[in-house]
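Below is one structure, written out as structure tokens, with a few remarks after it.
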Amino acid sequence: MSVDTHKETRSFQTEVSQLLHLMINALYSNKEIFLRELISNASDACDKLRFEALSDDALMEGEGELQIQVAYDKEARTVTIRDNGIGMSRDDVIENIGTIARSGTREFLGQLTGDQQKDAHLIGQFGVGFYSAFIVADRVTLTTRRAGMGAEHGVRWSSDGTGEFTVETVERPERGTEVVLHLKEGEDEFLDDWRLRHIITRYSDHIPLPIRMPKRDDEGNATEEWETVNRASALWTRPKGEISDEEYQAFYKHVAHDFEEPLAWTHNRVEGRHEYTSLLYIPKRAPFDLWDRDRRHGIKLYVQRVFIMDDAEQLMPAYLRFVRGVVDSNDLPLNISREILQNNRIIDGIRSGSVKKVLGLLEDMAKNEPEKYQTFWDAFGRVLKEGPAEDYANREQIARLLRFASTHTGEATQNVSLADYVARMKEGQDTIYYITADNHTAALHSPHLEVFRKRGIEVLLLSDRVDEWLVAHLTEFEGKALKSVAKGDLDLGETETEEEKKAQQEAEEQVKELLPRIQEALGERVQEVRFSHRLTDSPACIVLSENEMALYMQQLLKQAGQSLPDTKPVLEVNPGHRLIQRMDQETDTERFGGWARLLLDQAILAEGGQLEDPADFVRRLNTLITSA
Numbered sequence: 003m004s005v006d007t008h009k010e011t012r013s014f015q016t017e018v019s020q021l022l023h024l025m026i027n028a029l030y031s032n033k034e035i036f037l038r039e040l041i042s043n044a045s046d047a048c049d050k051l052r053f054e055a056l057s058d059d060a061l062m063e064g065e066g067e068l069q070i071q072v073a074y075d076k077e078a079r080t081v082t083i084r085d086n087g088i089g090m091s092r093d094d095v096i097e098n099i100g101t102i103a104r105s106g107t108r109e110f111l112g113q114l115t116g117d118q119q120k121d122a123h124l125i126g127q128f129g130v131g132f133y134s135a136f137i138v139a140d141r142v143t144l145t146t147r148r149a150g151m152g153a154e155h156g157v158r159w160s161s162d163g164t165g166e167f168t169v170e171t172v173e174r175p176e177r178g179t180e181v182v183l184h185l186k187e188g189e190d191e192f193l194d195d196w197r198l199r200h201i202i203t204r205y206s207d208h209i210p211l212p213i214r215m216p217k218r219d220d221e222g223n224a225t226e227e228w229e230t231v232n233r234a235s236a237l238w239t240r241p242k243g244e245i246s247d248e249e250y251q252a253f254y255k256h257v258a259h260d261f262e263e264p265l266a267w268t269h270n271r272v273e274g275r276h277e278y279t280s281l282l283y284i285p286k287r288a289p290f291d292l293w294d295r296d297r298r299h300g301i302k303l304y305v306q307r308v309f310i311m312d313d314a315e316q317l318m319p320a321y322l323r324f325v326r327g328v329v330d331s332n333d334l335p336l337n338i339s340r341e342i343l344q345n346n347r348i349i350d351g352i353r354s355g356s357v358k359k360v361l362g363l364l365e366d367m368a369k370n371e372p373e374k375y376q377t378f379w380d381a382f383g384r385v386l387k388e389g390p391a392e393d394y395a396n397r398e399q400i401a402r403l404l405r406f407a408s409t410h411t412g413e414a415t416q417n418v419s420l421a422d423y424v425a426r427m428k429e430g431q432d433t434i435y436y437i438t439a440d441n442h443t444a445a446l447h448s449p450h451l452e453v454f455r456k457r458g459i460e461v462l463l464l465s466d467r468v469d470e471w472l473v474a475h476l477t478e479f480e481g482k483a484l485k486s487v488a489k490g491d492l493d494l495g496e497t498e499t500e501e502e503k504k505a506q507q508e509a510e511e512q513v514k515e516l517l518p519r520i521q522e523a524l525g526e527r528v529q530e531v532r533f534s535h536r537l538t539d540s541p542a543c544i545v546l547s548e549n550e551m552a553l554y555m556q557q558l559l560k561q562a563g564q565s566l567p568d569t570k571p572v573l574e575v576n577p578g579h580r581l582i583q584r585m586d587q588e589t590d591t592e593r594f595g596g597w598a599r600l601l602l603d604q605a606i607l608a609e610g611g612q613l614e615d616p617a618d619f620v621r622r623l624n625t626l627i628t629s630a
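Note that the numbering used here has the sequence shown beginning at 3, numbered continuously upward.
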């Protein structure tokens, strides 16, 4: 039967062309990884066929054993990787190989610097998979057919990686995929039997499928017989004592498609009411799409060593979405679906146990390897801060893992735990104080900190956007309430001396008629004007109610199109400040009103808020300066 080839030439998506060029240069020093990546893809394809065949045995097409084959041809200068997995249709090929359909790709490419070493790390975060073939090949040909489709639906894809690719329909009796790499000049090391076998055993020994190469005769010629090169057993099923760190690290790179070694891992076999094995990893670096909460690519689910699905989001909460690994259950049915996973007591038990293992791993790291934990926190701390709101049952344990910047060091590095803070609390202090701001500098220089600095009271400096969400749900730690220094009434309790209280009362008495005058001048712009116990150097500050969002966050939400209820701030003034005392002596009503509005606008700006009419603020400021 003749086949209409439908041959067409297409251009790569712009992002693919950019990625190919950068990857070939950045990863050339570690070029052997191409074989690991292509074998990993082949393994995934076999896993997917095995799963789909559970409900449609015809997809196996009478061929039961799944395998991967690797061969080379010295004369043709080719390396071939072949699998009999799920295969691809023509649309699959165009979608999966011609484009990168991932949100954030452009932003990711914008981060690349041209520094090969730095870019190699970033590209590793992105994951390049199939495209790694072009590190060693100047032309790649892929031939494939999806399981269950007729032989006439085979597809051939070919490209030299410079900008275009061809796709044509071909006759292909076998299901699965074959990738042929036409090697560049100077890449003859990969036309060597020992070299390829060494790469396979180093990077892919853990693949739970046989990876086979042709047997060689005494003269080194390939025979018709194939032999298995790898161990071909699921690594997570082996006893921990038999697995080396190198094997754990190699498996991580396979399961996470990462180029770097993991930061830590935990391997557990659980027996009892539910039986399952988990092998969970903490990466060293954040993936480029970490903040895409809808993209889950962490945990692979197996049932009795049969792959069931990627991205099993029911196995790990969103705040631990950076965790990679596998879970293999003995109790779940092989035909389980995503819908069944959502309301399944076995899955709930596995999830709960896995979360505790990850949090326990992080606790051990924080206690015994603080430098390594700091590496983790710098990469994933902002995600972990989502935890107290999402996981009430583990809120205390998560709280112990949190790290913040603070006035104790003044540095932007987040390395102060809540336990550290409590251990340094002043005598008579029963509250953990914090401030939220748009950035570290704004937090560090906030006028709300003035009285705390004077009395040597530490304040946590929260400048991540997730922090407002965090403190709304984490209201106490070890019986100590968390309180914003910029919200509600301030009561420093026993930390305030009698002399300080007396000095404050005297200053307020001197300008006691000032508050109603400022209130009248500002009218509806403020909820209340009152004397401040927070300020020592600044004339005024904005204070919000306990449940109100910081001004900078209100501004961000408004810019994003969110509608917020109208609220009015409280204006606190410092009775001991020269500007406030000068205002008290002002008799000109119009000029006094100008000073009052200026005072409020300054306080709003200091809190990261935005003025409705900045030009009017500048004009009034200039007028008052000139008249003064």
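Idealized CB from N, CA, C, for every residue including glycine.
Could you tell me which of R174, N576, L185 and M151 sits nearest to E34, measuring between CA atoms?
Here the closest residue by C-alpha is L185.
DSSP bridge partner residues for V81 (one or two, in chain order):
Y74 and L183
Do you know offhand how far K302's Cα is from R79's?
36 Å
I'd like to check one pair, A288 with A381: are the Cβ atoms closer than 9 Å?
yes
G274 to S354 span [Cα, whole Å]
15 Å
Burial state of Y435, where buried means 16 or more other Cβ atoms lie within 10 Å
buried
Taking P210 as the reference, give the member of L386, Q612, N232 and V473 with the closest Cα.
Nearest of L386, Q612, N232 and V473 to P210, Cα basis: N232.
Roughly how many angstroms lie between the CA atoms of R271 and V328, to the nearest whole one?
So the alpha carbons of these two residues sit roughly 12 Å apart.
Per-residue burial, W597 [other beta carbons within 10 Å of its own, 16 or more giving buried]:
buried
Since I believe L516 is in contact with I582 (beta carbons under 8 Å), could you give me their beta-carbon distance rounded to a whole number of angstroms?
That pair is a contact at about 7 Å.
Please report the distance separating the alpha-carbon of E614 from that of I544.
Looking at the two C-alpha atoms, the distance is approximately 16 Å.
If distances are taken between C-alpha atoms only, which option among E226, I284 and E522 comes closest to R326?
I284
Answer yes or no: the CB of Q507 versus the heavy atoms of the ligand GTP, is any distance below 8 Å?
Although the ligand GTP was asked about, the structure shown includes no ligands whatsoever.
Identified DSSP bridge partners for R275
The partner list for R275 (beta bridge, DSSP) is empty, contrary to what the question assumes.
State the DSSP-derived secondary structure class of L403, mapped to helix, strand or coil.
helix
N417 and A1 - do their beta-carbons sit closer together than 9 Å?
The displayed coordinates of the chain run from 3 to 630. Any statement about residue 1 would go beyond what the structure contains.
With a threshold of 6 Å on Cβ separation, who are the neighbours of F454 within its own chain once the five nearest residues in sequence on each side are excluded?
V461
If we require 3 or more residues per run, which beta strand (DSSP E) segments fall completely within the region 538-620?
542-545 and 572-575
Between the region 88-99 and the region 39-53, do three or more beta carbon pairs fall short of 8 Å?
Segments in contact, yes.
R214: first and last residue of the uninterrupted beta strand (DSSP E) it sits in
I213 to R218
Determine whether the beta carbon atoms of E526 and K570 lie at a separation below 9 Å.
A contact, by the Cβ cut-off of 9 Å.
Kindly indicate the opening and closing residues of the beta strand (DSSP E) around K485.
K482 to S486
Which residues share a DSSP beta bridge with N232?
DSSP, once it has assigned bridges, lists no residue as partnering N232.
Got a sec, what are the start and stop residues for the alpha helix (DSSP H) I41 sits in?
DSSP places I41 inside the alpha helix (DSSP H), whose first and last residues are I35 to E54.
Taking all protein chains shown into account, decide if L265 is buried (16 or more other Cβ within 10 angstroms of its Cβ) or exposed.
Classification for L265: buried.
So, for K428: in the same chain, excluding its five sequence neighbours on each side, which residues have a beta-carbon less than 8 Å away from its beta-carbon?
R457, G458, I459 and T497
With a cut-off of 8 Å on the beta carbons, I'd call T82 and V182 a contact; round off their distance for me.
5 Å
Among F479, H200 and R347, which one has its Cα closest to the Cα of E398?
Closest in C-alpha terms to E398, from the list F479, H200 and R347, comes F479.
For the beta strand (DSSP E) holding Y304, just list the boundary residues, first then last.
Counting along the chain, the beta strand (DSSP E) containing Y304 begins and ends at I301 to V305.
Could you tell me the boundaries of the alpha helix (DSSP H) in which R457 lies?
E452 to R457
With a cut-off of 8 Å on the beta carbons, I'd call V487 and H450 a contact; round off their distance for me.
5 Å
To which residues of the same chain is L322 closer than 7 Å at the C-beta, ignoring the five residues directly before and after it?
Only V357 and V360 meet the Cβ criterion.
Nonlocal neighbours in the same chain, by C-beta distance under 6 Å from K242, ignoring five residues either side:
H269
Thinking C-alpha only, which one of V513, R519, E574 and E522 is nearest D539?
E574
W471 versus A236: straight-line alpha-carbon distance, rounded:
41 Å
Decide if H208 is buried, meaning its Cβ has at least 16 other Cβ atoms within 10 Å, or exposed.
A buried status is given to H208, since no fewer than 16 other beta-carbon atoms sit within 10 Å of its beta-carbon.
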